[in-house]
Amino acid sequence: MSIEFLPGACTAAGGPYAGKVGANYPRNQWWVAATTDEVTRQPMRRWLLDLPVALYRTEAGAVVALDDRCPHRWAPLSSGWLEGDNIVCGYHGLRFSTEGRCVKAPTQANPPTRAKVHAYPVREIGPLVWIWTGDPALAADSEPHAVDWHVDPGWSLVGGAMEAEANYMLLKENVLDLTHFGYVHRTTFKILDFDRPPEVTVKGEQVEFHLEFPAVKLAPLFGALTGFGERPIARVNWGRSLSPALHLAGQDFTDPAPQAGQRRTAAFRVMHATTPISPTRMHYFWMAGWDVPLTQEQRDLMRDTTLLGFKEDKDMIEAIQATITQDPRGLNYPEIMVTSDQSAVQARRQLQIRLARDGELNQRN
Amino acid sequence: MSIEFLPGACTAAGGPYAGKVGANYPRNQWWVAATTDEVTRQPMRRWLLDLPVALYRTEAGAVVALDDRCPHRWAPLSSGWLEGDNIVCGYHGLRFSTEGRCVKAPTQANPPTRAKVHAYPVREIGPLVWIWTGDPALAADSEPHAVDWHVDPGWSLVGGAMEAEANYMLLKENVLDLTHFGYVHRTTFKILDFDRPPEVTVKGEQVEFHLEFPAVKLAPLFGALTGFGERPIARVNWGRSLSPALHLAGQDFTDPAPQAGQRRTAAFRVMHATTPISPTRMHYFWMAGWDVPLTQEQRDLMRDTTLLGFKEDKDMIEAIQATITQDPRGLNYPEIMVTSDQSAVQARRQLQIRLARDGELNQRN
Amino acid sequence: MSIEFLPGACTAAGGPYAGKVGANYPRNQWWVAATTDEVTRQPMRRWLLDLPVALYRTEAGAVVALDDRCPHRWAPLSSGWLEGDNIVCGYHGLRFSTEGRCVKAPTQANPPTRAKVHAYPVREIGPLVWIWTGDPALAADSEPHAVDWHVDPGWSLVGGAMEAEANYMLLKENVLDLTHFGYVHRTTFKILDFDRPPEVTVKGEQVEFHLEFPAVKLAPLFGALTGFGERPIARVNWGRSLSPALHLAGQDFTDPAPQAGQRRTAAFRVMHATTPISPTRMHYFWMAGWDVPLTQEQRDLMRDTTLLGFKEDKDMIEAIQATITQDPRGLNYPEIMVTSDQSAVQARRQLQIRLARDGELNQRN
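Residue numbers (this note's numbering), protein chains in the order written: chain A, 1 to 365; chain B, 1001 to 1365; chain C, 2001 to 2365.
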């Protein structure tokens, strides 16, 4: 493999904070590049893992991801336009195929043979477009995680995307330790009983937590959407870091004394997909779903409330990143663990293992 | 003393410009952190000498200054709230006492013993809150300067605070050489006779200048506020750098031919307190006072005029800082002294001595 | 020569990209500092080749260019005002002559002899003010290029100035390869037949290209302004990089079947003068002219269309600069040449020769 196009920034930073900040993103894995509706016949630029990427669709609808930097004069290919399935550089008109090969240079009979841009492996699965910025030869060895409820017509979904000025692992930590609900979201989500450490299990690279709650009155939004109202409902809460790119979470509700003709269970799921833009910025793609039919009004309410809460998380992790960046002590500051940190600490540890392993791969290739 | 919480930035920069720019602030001294009205039961964050500090008041009204960085996940404590005299971290709810000790971690029986944040020594004197960011063991050896006219009910006061994008010593230099009045403030303060070098004396670390003026018509604002109007009034002008943090200045007016039943003297005082945010930013706290009763309208006029003039100083020192920052010659540019620079040069020299001495202290501790 | 006032940034960066980005501007040559109407009796600051320069006119109208940094306390001289032909520093009132000599320090009898600022050699030729920031002893050995059509009353002129966030050589490359017209300007200038490489000749340091077009219908704006309308017109297009500072371009039109009593030829000229502000910013001064009388309305149309097109160039080179700056691969990215790159490549090569030669001069002096 030629790794000349890979920035030095992909080198894993060592030390105990390797999993917390810095260029701490393994490249040899799938990351979410965009939602499917973002990628169209109008090329777009997106910075992903430090790299400028041009994203567009072929006439047949396939997603193409090319290095967004023409090898002639370094113009963004995404500032050009499409000609069939080829992209035309908007500066001097060089054409590139979906494989990144230069197929036309307007002022000469044959395009320069060395003119090519990297074509990133991509996958489109349900509402998400995934990209592989590492060694292309390894891309076929794994597939992005397919999320069943993303494509289940029985589910009611909302979703969104935002950027945050923080290392992506600050958001991973956030979703791996829900004891922050009683503080960060105390007035929005109103779920105040995440007050003890969950059970944590590590399965290969995956880290999972699990917490059971006795039957209590649900938070008002949850009571309304499920139809359980104010009746006491038992629930199981869990979260699973499938990779540095993807976290899935859920709550499974059970009515211990179901009413005749009423539903006995309900399920709520959230996807948190984080993709680094740079060591201090990220894309954050989220989706939430209920296995319950919801009206448009209910979906709007769920989206608005979710956005309010996620804005609280964004503010918090951006404040942490800003502190790390501005405080001359930087990473040289104590970091104390408490019992509820198990899943976040395990996810960091798995990330460190992965970064170390990728360092070996890079050396070997 | 543990100095692990002190940034390397406190090291004195050497060379002839040590007193001019860079991280040139001695830590083992008191600096103004805030005005008393700024510190309330709502915690606030303030960057002081490169450090994020959370400021709040206890139920009894005492000022608390804690490192504004929770040792659990580095969230700003100031984004949380108070529970009695303890501050609650807004991320996961850890509580810290006024001494910075973690007194509660919500998900476990006992808080982690190593979890603590630095509690900065503070003093509240009159309208100012002072902080000590250096070796806490040395804080008790000195007290912030108490300014008598700040708390004298016979005085009419105005004051304010602003931030400036410049090293704090650029403002110190400004107030130590008033020959700039005839240029920077020629249309605002209208005092045009600071046209010769003052007498300068150095008393220990304090630098003082002194200049006498023969009886002349006062600047319009001063004539109006004192009631001397357009009559010729003699005056003595002086300024005193008590420390890198504090400069006091005054004008003492005497009517050589006092009218029957009219005041013969009047006194005007200004405090300039400068506190570094970083090497290129500062907080600037100022107060001005007359030993003359002033109407609200007169106080408003004095504040508005003072603010206009201080804005002129701010613009000037920010332009100098921007030039130093942007010009590749940086500090490597000639700096020529004139006779009126004595007090500024002496203040810089005292600062260098202090920084060198602190360097020794830091080595010894 | 004393080179103490020259920043280290003038050192030529080596390697194949020396002519593309970085501090790649030779100092020992004339650069455009301003248009003549910009320089008045009100001093102005302009950053030129990394240096702050104060520009103003004497009472007799001569242009003065001084280092915009008072050697007393580093205030911008341009924030002051003029007293006859001298500039008064707005901070403490030091006066400097047009030669940069301190002629008055208000608080002492004689100004400090060492107080001086560099007076840059300047030339005013037609609508342009030129500056020499290199070794002053070499300034007399060359003169800025005088452009005849700038001062020919038979010509109709429009012009303007803008700043761009890009290295100046990115604009030089742009105007040295007009095959971008069919892409960047396809909807504005509507000249679509720059579709083959021109002839390129190198004469000393000058690089020139030349391209002949058979008679075709002109672009609508050109047909209208020349009066040729939709008749087929032959044309010759050429461009000449006279120095890194100055590029002149032209189109010469000939009607192969002239109408009785109608003009047979027309000439169009464009000046592109680029002056670095810093390695990643530039001033861009342009003028365009026709040897044809134009109404005010036609001149307005020409200016508006030209500005639209130049905005397209600005957007493109700023996108390239931003990519170089943000992409961790920086300059370490392939750069493929095509046949139409000859003139840009030659101009870069001449620049490298010049920078290497200046490096020798700097060492020798």
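No residue lacks a Cβ here, since even glycine has one placed at the ideal position from N, Cα and C.
Chain B contact residues for residue 316 of chain A, given Cβ-Cβ distances below 8 Å: Within chain B, the residues near residue 316 of chain A are 1075, 1079, 1090 and 1091.
- prompt: Beta-carbon of residue 1095 of chain B versus every beta-carbon of chain A: anything under 8 Å?
  reply: Closer than 8 Å: no.
- prompt: My guess is that residue 319 of chain A and residue 273 of chain A are in contact by the Cβ rule of under 8 Å, so how many angstroms apart are they, rounded?
  reply: Incorrect: roughly 22 Å between the Cβ atoms, too far for contact.
message: Between residue 2120 of chain C and chain F, is any beta-carbon pair separated by less than 8 Å?
response: Of the protein chains in the structure, A, B and C, none is chain F.
- request: Kindly list, in the order they appear in chain C, the residues whose Cβ is closer than 7 Å to that of residue 1219 of chain B.
  value: What residue 1219 of chain B touches in chain C, judged by beta-carbon distance under 7 Å, is nothing: the nearest beta carbon there is about 18 Å away.
message: On the DSSP letters alone, give me the boundaries of the beta strand (DSSP E) that residue 2182 of chain C sits inside.
response: No beta strand (DSSP E) contains residue 2182 of chain C, which is instead part of the alpha helix (DSSP H) from 2181-2184.
field: Chain-ordered residues of the stretch 1328-1345 of chain B with a beta carbon less than 9 Å from chain C
entry: Against chain C - using a Cβ distance shorter than 9 Å - the residues of the stretch 1328-1345 of chain B are 1328, 1329, 1330, 1332, 1333, 1334, 1335, 1336, 1337, 1338, 1339, 1340, 1341 and 1344.
- prompt: Of all Cβ atoms in chain B, is any one closer than 8 Å to the Cβ of residue 193 of chain A?
  reply: No, residue 193 of chain A does not count as interfacial toward chain B.
task: Run down chain C in chain order and give the residues with a C-beta less than 9 Å from the C-beta of residue 1309 of chain B.
output: Neighbours of residue 1309 of chain B on chain C: none; closest Cβ ~14 Å, over 9 Å.
- prompt: Rounded to a whole number of angstroms, what is the C-alpha to C-alpha distance between residue 1269 of chain B and residue 1250 of chain B?
  reply: Looking at the two C-alpha atoms, the distance is approximately 4 Å.
query: Helix, strand or coil for residue 164 of chain A per DSSP?
result: Of the three classes helix, strand and coil, the one that applies to residue 164 of chain A here is strand, per DSSP.
field: Close Cβ partners of residue 15 of chain A (< 7 Å) along its chain, the five nearest in sequence each way excluded
entry: Residue confidence is low: residue 15 of chain A scores 43 on pLDDT, short of 50, so the model does not pin down where it sits. Its coordinate-derived value is still stated next. Sequence-distant partners of residue 15 of chain A (beyond 5 residues in either direction) whose C-beta falls short of 7 Å from its own C-beta are missing from its chain.
field: DSSP state of residue 245 of chain A mapped onto helix, strand, coil
entry: In this structure, DSSP gives residue 245 of chain A a state outside helix and strand, which the three-state scheme calls coil.
field: Where residue 223 of chain A sits in the DSSP three-state scheme
entry: DSSP, read as helix, strand or coil, puts residue 223 of chain A in helix.
query: Using 8 Å as the threshold, is the stretch 57-64 of chain A in touch with the stretch 184-193 of chain A, meaning 3 or more CB pairs across them?
result: No, the stretch 57-64 of chain A is not in contact with the stretch 184-193 of chain A.
query: Between residue 1062 of chain B and chain C, is there a C-beta pair that is closer than 8 Å?
result: It does not: the Cβ of residue 1062 of chain B has no partner Cβ on chain C nearer than 8 Å.
message: Counting only C-beta atoms, is residue 2135 of chain C closer than 8 Å to chain B at any point?
response: Not closer than 8 Å to any Cβ of chain B, the Cβ of residue 2135 of chain C fails to qualify, so no.
query: Does the distance from the C-beta atom of residue 93 of chain A to that of residue 118 of chain A stay below 8 Å?
result: In this structure, residue 93 of chain A lies away from residue 118 of chain A, with their beta-carbon atoms at least 8 Å apart.
- request: Select from A:96, A:291, A:180 and A:275 the residue whose C-alpha is nearest the C-alpha of residue 366 of chain A.
  value: The structure shown has nothing for residue 366 of chain A, since chain A only spans 1 to 365.
field: is_contact[residue 180 of chain A, chain B] using C-beta, thresh 8 Å
entry: Interface residue, yes.
- prompt: For the alpha helix (DSSP H) that residue 320 of chain A lies in, which residues bound it at each end?
  reply: Counting along the chain, the alpha helix (DSSP H) containing residue 320 of chain A begins and ends at 296-326.
query: Any idea what DSSP makes of residue 2231 of chain C, helix, strand or coil?
result: DSSP places residue 2231 of chain C in the coil class of the three-state scheme, outside both helix and strand.
- request: Might you give, ordered along the chain, the residues of its own chain that have their beta carbon closer than 8 Å to the beta carbon of residue 1 of chain A, omitting 5 neighbours on each side?
  value: Caution applies to residue 1 of chain A, whose pLDDT of 29 falls short of 50 and renders its modelled position unreliable; the model cannot decide the point.
message: Does the contact criterion of 3 or more C-beta pairs under 8 Å hold for the stretch 2161-2170 of chain C versus the stretch 2289-2306 of chain C?
response: Short answer: they don't touch.
message: Within 8 Å of any Cβ in chain A, is that where the Cβ of residue 1352 of chain B sits?
response: False, the Cβ-Cβ gap to chain A never drops below 8 Å.
message: Does the structure place the stretch 279-291 of chain A close enough to the stretch 149-157 of chain A that three or more beta carbon pairs sit under 8 Å?
response: Yes, since at least three Cβ pairs between the stretch 149-157 of chain A and the stretch 279-291 of chain A fall closer than 8 Å, the two stretches touch.
query: In the DSSP assignment, what residue or residues form a beta bridge with residue 159 of chain A?
result: According to DSSP, residue 159 of chain A bridges with A:287.
query: Along the stretch 1020-1037 of chain B, what residues have a CB closer than 8 Å to any CB found in chain A?
result: Under the 8 Å Cβ criterion, the stretch 1020-1037 of chain B contributes no residue.
query: Quick one: is residue 2323 of chain C near chain A, going by C-beta distance under 8 Å?
result: So, interface residue.
query: What is the rounded straight-line gap between the Cα of residue 28 of chain A and the Cα of residue 133 of chain A?
result: When rounded, the distance between both Cα atoms is 7 Å.
- request: With DSSP collapsed to three states, give me the class of residue 1345 of chain B.
  value: Three-state DSSP puts residue 1345 of chain B in a helix.
field: Residue-level contact to chain B via CB, residue 208 of chain A, 8 Å cutoff
entry: Cβ-Cβ to chain B under 8 Å: no for residue 208 of chain A.
- prompt: Thinking just about the alpha-carbon of each residue, which of C:2126, C:2183, C:2173 and C:2114 is nearest to the one in residue 2071 of chain C?
  reply: Shortest Cα-Cα distance from residue 2071 of chain C to any of C:2126, C:2183, C:2173 and C:2114 involves C:2114.
- prompt: Could you check where the beta strand (DSSP E) with residue 1278 of chain B kicks off and where it finishes?
  reply: Counting along the chain, the unbroken beta strand (DSSP E) around residue 1278 of chain B starts and ends at 1265-1278.
- prompt: Which residues of chain C have a Cβ atom closer than 8 Å to the Cβ of residue 1183 of chain B, listed in chain order?
  reply: Contact of residue 1183 of chain B with chain C by beta-carbon distance below 8 Å involves 2080, 2088, 2089, 2090, 2091, 2092 and 2093.
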